[in-house]
Amino acid sequence: MGRPGGSPRAGTAPQAGNGVKSYGFFELLQRFQAYRRYWLAMAVSWAGDRFHAVALATLVLDRFPDQPMAIGIVLMAQHLPQAVFGLLAGALADRWPRRTVMVVTDLIRAAVTLMVPLATELWQVYLAALVVGTASTFFFPAWRSTLPAVIHRDALLEANAYHSATRSFIDILAPVVATALIAAGRAVHPMLYMAPAFWLDSVSYVISAWQLSRLPLDEATLRAGRPPAPGGAAGVWQDVVAGLRYHRRNRTVWALLLLMGSFAWGANGANALMQKAVPALLDVPPERWGVLLAAMGLGMIGGNAIVARRGKVWPRRVIIGTGYFGAWLALVILAGTRDFGVAMAAYVLMGLGNAAFLAPQVAWVQEATDPAFLGRVEATRNALIYVGMTASPLLAGWLERALGSLPGAMWAISVLFLVPAVLSFIHPALRQAPAPAPARAVPGA
1 MGRPGGSPRA GTAPQAGNGV KSYGFFELLQ RFQAYRRYWL AMAVSWAGDR
51 FHAVALATLV LDRFPDQPMA IGIVLMAQHL PQAVFGLLAG ALADRWPRRT
101 VMVVTDLIRA AVTLMVPLAT ELWQVYLAAL VVGTASTFFF PAWRSTLPAV
151 IHRDALLEAN AYHSATRSFI DILAPVVATA LIAAGRAVHP MLYMAPAFWL
201 DSVSYVISAW QLSRLPLDEA TLRAGRPPAP GGAAGVWQDV VAGLRYHRRN
251 RTVWALLLLM GSFAWGANGA NALMQKAVPA LLDVPPERWG VLLAAMGLGM
301 IGGNAIVARR GKVWPRRVII GTGYFGAWLA LVILAGTRDF GVAMAAYVLM
351 GLGNAAFLAP QVAWVQEATD PAFLGRVEAT RNALIYVGMT ASPLLAGWLE
401 RALGSLPGAM WAISVLFLVP AVLSFIHPAL RQAPAPAPAR AVPGA
């Protein structure tokens with residue numbers, strides 16, 4: 001699909017006036033049957049995950065109130081497998097049938113999630129979080145690397161933008177519905193009032209598995225150009241090493257990894273600092289954090305709509321760099337303001353910035369990567385992101401102690417957003433536009 005040095009054609013992304021088509025959301029769903037199943041699986045599963053997040057926090061806080069570290073350990077159990085097994089998951093995603101990987105991991109998550117409300121011991125909750133996190137680690141490289149096989153390459157930018165916008169919409173709506181469902185359940189059962197939220201999540205995984213099982217994937221095409229893989233643990237390890245080396249050979253993929261790596265090391269720490277800033281700097285109740293998150297979600301929905309509409313007209317690196325710059329500027333504003341209205345505007349800007357750099361980067365990686373390596377490339381990015389997100393709050397705490405100031409720590413950690421903004425404009429590999437879409441059949445077209 002791509003070649004190691006990126007596209008041989010330098011300059012900007014193709015212009016709409018040169019015959020490049022922009023796809024509307026409903027047009028994609030109507031035209032590509034395979035993509036319709038793919039999108040539906042993602043949307044339903046993500047909504048279930050948001051229900052799960054609210055229900056899990058409620059269960060831990062209500063049943064184990066004397067364990068102050070419980071929530072943190074649950075989150076670590078969910079995210080640690082991405083950092084530990086991510087590279088292995090990518091290598092296996094490139095070896096195994098991706099549809100099978102997605103369906104099996106969805107069913108595992110459905111079965112475990114169904115049993116979480118019955119947990120009576122904290123270790124059972126930890127174990128469930130670890131199993132779900134491990135299954136997700138293997139699911140996501142297979143799922144994301146499948147997108148180029150279910151939709152035309154020239155629609156990847158729009159598809160990823162619509163994925164991000166869908167998730168933002170769900171992030172705003174689903175937690176509210178989950179909270180109302182749990183509150184209503186308290187009057188019905190004193191112990192299992194949060195169970196319907198878990199059960200809906202379980203059903204969402206089953207629906208996702210059903211839709212993904214019907215994807216018309218050509219596994220031979222996904223592995224085109226890949227030599228026969230040696231068996232056993234040694235062969236898998238060779239695949240892992242080959243995937244890491246591929247990043248250095250493909251200069252575009254390597255550059256995009258550097259951008260996301262810098263951002264990941266700042267993102268979670270910035271979130272932790274901003275949560276503290278709500279009562280400490282804005283002088284409002286801490287629950288107003290939810291209002292700010294909703295503002296960011298609205299910014300992401302609007303930003304992704306702009307990316308889907310104009311992402312092929314503007315230079316890709318300019319869109320990405322502007323997005324990182326917007327995120328940096330929003331954090332600087334948040335560190336300096338004491339007005340809640342200004343903070344809401346900054347969160348809208350943060351959402352716009354996130355939309356500008358997330359979907360275009362994902363699409364560019366999919367466009368520039370050899371399909372035989374795409375699972376490993378996606379998994380490497382995930383592993384780097386989760387390692388950074390795990391360490392980022394520790395970095396934020398150290399900065400706050402070292403500087404003796406919450407705003408100072410926010411300004412300092414914002415540099416990790418400014419670095420990828422600058423790299424987007426100056427890195428030589430990102431001065432090249434994605435290569436023209438090859439003519440090939442896509443299932444459901």
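One point on numbering: in the numbering used here, the residue at position 188 of the sequence shown is 188, and numbering is uninterrupted. Yeah, the Cβ is synthetic: ideal placement off N, Cα and C, and Gly gets one too.
Discussion item. Would Thr113 and Phe198 be called neighbours here (beta carbons separated by less than 7 Å)?
Written reply: Looking up residue 113 in the sequence shown gives position 113. Looking up residue 198 in the sequence shown gives position 198. Yes, Cβ-Cβ distance for Thr113 and Phe198 is below 7 Å.
Worksheet item: How about the region 78-88 and the region 386-395: do they share at least three Cβ pairs that are nearer than 8 Å?
Response: yes
Fill in: Option nearest Phe64 by Cα separation, candidates Gln432, Ala83, Thr322, Thr120
Residue 64 sits at position 64 when you count from the first residue of the sequence shown. Nearest of Gln432, Ala83, Thr322, Thr120 to Phe64, Cα basis: Thr120.
Discussion item. Using a Cβ-Cβ cutoff of less than 7 Å, which residues in the same chain neighbour Leu403 once the five nearest sequence positions on both sides are dropped?
Written reply: Your numbering for residue 403 matches position 403 in the sequence shown. For Leu403, where only same-chain residues beyond five positions count, the Cβ hits under 7 Å are Ala409, Ala412.
Worksheet item: Would the region 177-189 and the region 34-54 be scored as touching if the rule is three or more Cβ pairs under 8 Å?
Response: yes
Worksheet item: Enumerated in chain order, which unbroken segments of the beta strand (DSSP E) with a length of 3 residues or greater are wholly contained in the region 309-389?
Response: none
Worksheet item: Hey, how far is the Cα of Val176 from the Cα of Trp289?
Response: Position 176 of the sequence shown, counted from the start, is the residue given in the question as residue 176. Position 289 of the sequence shown, counted from the start, is the residue given in the question as residue 289. Going from the Cα of Val176 to the Cα of Trp289 covers about 14 Å.
Worksheet entry | Host alpha helix (DSSP H) of Glu27 (start-end) | If you number the sequence shown from 1, residue 27 lands on position 27. Taken as a continuous stretch (DSSP letters only), the alpha helix (DSSP H) holding Glu27 covers 25-31.
Discussion item. Here's the rule I'm using: 16 or more other beta-carbon atoms within 10 Å means buried, otherwise exposed. How should Ala368 be labelled?
Written reply: By 1-based counting over the sequence shown, the position of residue 368 is 368. Under this definition Ala368 is a buried residue.
Discussion item. Which same chain residues end up closer than 8 Å to Leu430 when comparing Cβ atoms and leaving out the 5 residues on each side of it in sequence?
Written reply: Locating residue 430 in the sequence shown gives position 430, counting from the first residue. The answer, listed in chain order, is Thr252, Ala255, Leu256, Arg316, Arg317, Ile320, Leu423, Ser424.
Fill in: Member of Ile172, Ile426, Met102, Met260 whose CA lies at the smallest distance from the CA of Val365
For the purposes of this step, residue 365 is taken as residue 365 along the sequence shown, with counting starting at 1. Among Ile172, Ile426, Met102, Met260, the Cα nearest to that of Val365 belongs to Met260.
Worksheet item: Roughly how many whole angstroms lie between the Cα atoms of Glu158 and Gly269?
Response: Indexing the sequence shown from 1 puts residue 158 at position 158. Indexing the sequence shown from 1 puts residue 269 at position 269. Distance between the alpha carbons of Glu158 and Gly269 is about 30 Å.
Item to complete: Name the two residues that bound the continuous alpha helix (DSSP H) containing Thr105.
Response: Looking up residue 105 in the sequence shown gives position 105. Where Thr105 is concerned, the enclosing alpha helix (DSSP H) stretches over 98-115.
Worksheet item: Between Ser204 and Ser45, is the Cβ-Cβ spacing less than 7 Å?
Response: Stepping through the sequence shown from its first residue, residue 204 is reached at position 204. Stepping through the sequence shown from its first residue, residue 45 is reached at position 45. The answer is yes: Cβ separation under 7 Å.
Practice prompt. For Leu59, collect the residues of the same chain with a Cβ closer than 6 Å to its Cβ; drop the 5 residues on either side in sequence, then sort them by chain order.
Written response: In the sequence shown, the residue the question calls residue 59 occupies position 59. Cβ neighbours of Leu59 beyond the five flanking positions: Met194.
Worksheet entry | Distance between Ala343 and Gly72 (C-alpha atoms, nearest Å) | Position 72 of the sequence shown holds residue 72. Position 343 of the sequence shown holds residue 343. So the alpha carbons of these two residues sit roughly 27 Å apart.
Worksheet item: Skipping 5 residues on each side, what residues in its chain have a beta carbon closer than 8 Å to that of Glu378?
Response: Here residue 378 refers to the residue found at position 378 when the sequence shown is read from its first residue. Counting only Cβ-Cβ distances below 8 Å, and skipping sequence neighbours, we find Gly90, Ala93, Phe140, Pro141, Arg144, Ser145, Val365.
Worksheet item: Is DSSP giving Glu121 helix, strand or coil here?
Response: Within the sequence shown, residue 121 is the residue found at index 121, counting from 1. Three-state DSSP puts Glu121 in coil, outside helix and strand.
Worksheet item: Would the region 297-308 and the region 154-170 be scored as touching if the rule is three or more Cβ pairs under 8 Å?
Response: yes
Discussion item. Can you give me the C-alpha to C-alpha distance between Ala335 and Leu406, rounded to a whole angstrom?
Written reply: One-based indexing of the sequence shown puts residue 335 at position 335. One-based indexing of the sequence shown puts residue 406 at position 406. Roughly 8 Å separates the two Cα atoms.
Worksheet entry | Val362 to Val103 span [Cα, whole Å] | As a first step, residue 362 is located in the sequence shown; it is residue number 362 there, counting from the start. As a first step, residue 103 is located in the sequence shown; it is residue number 103 there, counting from the start. Distance between the alpha carbons of Val362 and Val103: 23 Å.
Discussion item. Rounded to whole angstroms, what is the Cα-Cα separation between Tyr246 and Asn160?
Written reply: On the sequence shown, position 246 is the one that residue 246 refers to. On the sequence shown, position 160 is the one that residue 160 refers to. Between Tyr246 and Asn160, the C-alpha separation is close to 23 Å.
Fill in: Beta-carbon proximity check, Leu215 vs Pro117, cutoff 7 Å
Looking up residue 215 in the sequence shown gives position 215. Looking up residue 117 in the sequence shown gives position 117. No, these two residues do not count as a Cβ contact at 7 Å.
Worksheet entry | Backbone secondary structure at His79 - three-state DSSP | Position 79 of the sequence shown holds residue 79. Looking at His79 - three-state DSSP - the assignment turns out to be helix.
Worksheet item: Around the C-beta of Val101, are 16 or more other C-beta atoms found within 10 angstroms, so that it is buried, or is it exposed?
Response: Position 101 of the sequence shown, counted from the first residue, corresponds to residue 101. Label assigned to Val101: buried.
Fill in: Inter-residue Cα distance where the pair is Ala110 and Ser202
Position 110 of the sequence shown, counting from 1, holds the residue named residue 110. Position 202 of the sequence shown, counting from 1, holds the residue named residue 202. In a straight line, the C-alpha of Ala110 is about 4 Å away from that of Ser202.
Discussion item. Could you compute how far the alpha carbon of Leu75 sits from the alpha carbon of Val125?
Written reply: Your numbering for residue 75 matches position 75 in the sequence shown. Your numbering for residue 125 matches position 125 in the sequence shown. Going by the C-alpha atoms only, they are around 11 Å apart.
Practice prompt. Answer yes if the region 267-281 comes into contact with the region 129-140, meaning at least three C-beta pairs across the two stretches below 8 Å, and no otherwise.
Written response: no
Worksheet item: When you compare only the Cα positions, how much space is there between Ala129 and Leu56?
Response: Here residue 129 refers to the residue found at position 129 of the sequence shown. Here residue 56 refers to the residue found at position 56 of the sequence shown. Between Ala129 and Leu56, the C-alpha separation is close to 9 Å.
Practice prompt. Alpha carbon to alpha carbon, how far is Leu418 from Trp328? Give it in angstroms, no decimals.
Written response: In the sequence shown, the residue the question calls residue 328 occupies position 328. In the sequence shown, the residue the question calls residue 418 occupies position 418. Near 6 Å, if we compare the C-alpha coordinates of Leu418 and Trp328.
Worksheet item: Which of the three DSSP states, helix, strand or coil, is assigned to Gly404?
Response: Position 404 of the sequence shown, counted from the first residue, corresponds to residue 404. The answer is coil: DSSP assigns Gly404 none of H, G, I, E or B.
Fill in: Segment limits, alpha helix (DSSP H) that includes Ile151
In the sequence shown, the residue the question calls residue 151 occupies position 151. Taken as a continuous stretch (DSSP letters only), Ile151 belongs to no alpha helix (DSSP H), as it is neither H nor E.
Discussion item. Whole angstroms are fine: how far does the CA of Leu200 sit from the CA of Ala174?
Written reply: Working through the sequence shown from its first residue, we reach residue 174 at position 174. Working through the sequence shown from its first residue, we reach residue 200 at position 200. Between Ala174 and Leu200, the C-alpha separation is close to 11 Å.
Fill in: Classification of Ala234 by the beta-carbon crowding that lies within 10 angstroms, buried from 16 upward
Position 234 of the sequence shown, counted from the start, is the residue given in the question as residue 234. It is exposed - the Cβ of Ala234 has fewer than 16 other Cβ atoms within 10 Å.
Worksheet item: Under three-state DSSP, which class holds Arg214?
Response: Mapped onto the sequence shown, residue 214 falls at position 214. If DSSP states are grouped into helix, strand and coil, Arg214 belongs with coil.
Worksheet item: Of the residues Ala70, Asp283, Val206, Leu258, which one's Cα is nearest the Cα of Leu122?
Response: The sequence position of residue 122 within the sequence shown is 122, counting from 1. Nearest option by C-alpha distance: Ala70.
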